[in-house]
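FYI, in full-length UniProt numbering the residues of the sequence shown are 1 to 184.
Beta carbons: idealized from backbone N, C-alpha and C, even for Gly.
Heads up, the thing below is written out as structure tokens.
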Amino acid sequence: MEIDPLKLSDETYRSQIFTRLVQDYQDRIYRYCVDRLGEAQGEEIAQDVFLTAWENLAKFRQESMVSTWLTGIAKNKCIQAFRNRGRRQTIVATFVEDIRYQSHAEGSVSPEVTVLDEARRDELAQGMLKMREDERLLLNLRYHKGLPVAEVAELLGISEAAVRKRLLRALERLRKIMNADVAG
Numbered sequence: 001m002e003i004d005p006l007k008l009s010d011e012t013y014r015s016q017i018f019t020r021l022v023q024d025y026q027d028r029i030y031r032y033c034v035d036r037l038g039e040a041q042g043e044e045i046a047q048d049v050f051l052t053a054w055e056n057l058a059k060f061r062q063e064s065m066v067s068t069w070l071t072g073i074a075k076n077k078c079i080q081a082f083r084n085r086g087r088r089q090t091i092v093a094t095f096v097e098d099i100r101y102q103s104h105a106e107g108s109v110s111p112e113v114t115v116l117d118e119a120r121r122d123e124l125a126q127g128m129l130k131m132r133e134d135e136r137l138l139l140n141l142r143y144h145k146g147l148p149v150a151e152v153a154e155l156l157g158i159s160e161a162a163v164r165k166r167l168l169r170a171l172e173r174l175r176k177i178m179n180a181d182v183a184g
């Protein structure tokens, strides 16, 4: 998409460009935000991304692609939202509930396997509840949300090496909790 910076002072041109920008990129930005923050907050942040884009359209210099620019805004908005302290508790609670109530994949699965899977998910959820909040958050971001180590590091404001080390410790702690529950 080409944006003529000289025409951006014309309100009609600016509106047309923005409308096209939303049409072309809203699904991608929405998915990006929802994948990182969940449905409700992700939708809100995606809207905020386009509001920021509208406000800064004249500053876009076309040194990068529009999609890169918008994704950069989305990334910064997601990080900002994620660092909001109230969000951490919501993420952890959602993770535990997802583990507990996750439906089994479609297909021909026997009732016995389904019951065993549900029991395992419930045990995992119980084990997660016994962990510290920071450990649950880390496991959620890496394994439930599927974020790469680099992105987890950026979201938490720590190094990639620290993320790897904390993940190993959190997994070991979860393993001990799960083994203690089985033995006890």
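Legend entry - E133 - containing alpha helix (DSSP H), residue span: 133-139
Inset, instruction - Would you tell me roughly how many angstroms separate the C-alpha atoms of A153 and E63, rounded to the nearest one? - result: 27 Å
Legend entry - Residue from N179, E135, L70 whose Cα sits closest to the Cα of A162: E135
Legend entry - Buried/exposed call for Y25, threshold 16 Cβ in 10 Å: buried
Inset, instruction - Can you say whether R166 is buried or exposed, counting buried as having 16 or more other CB atoms within 10 angstroms of its CB? - result: buried
Inset, instruction - From the DSSP output, in three-state form, read off D10 for me. - result: coil
Legend entry - Run of the alpha helix (DSSP H) containing F82, from where it starts to where it stops: 66-82
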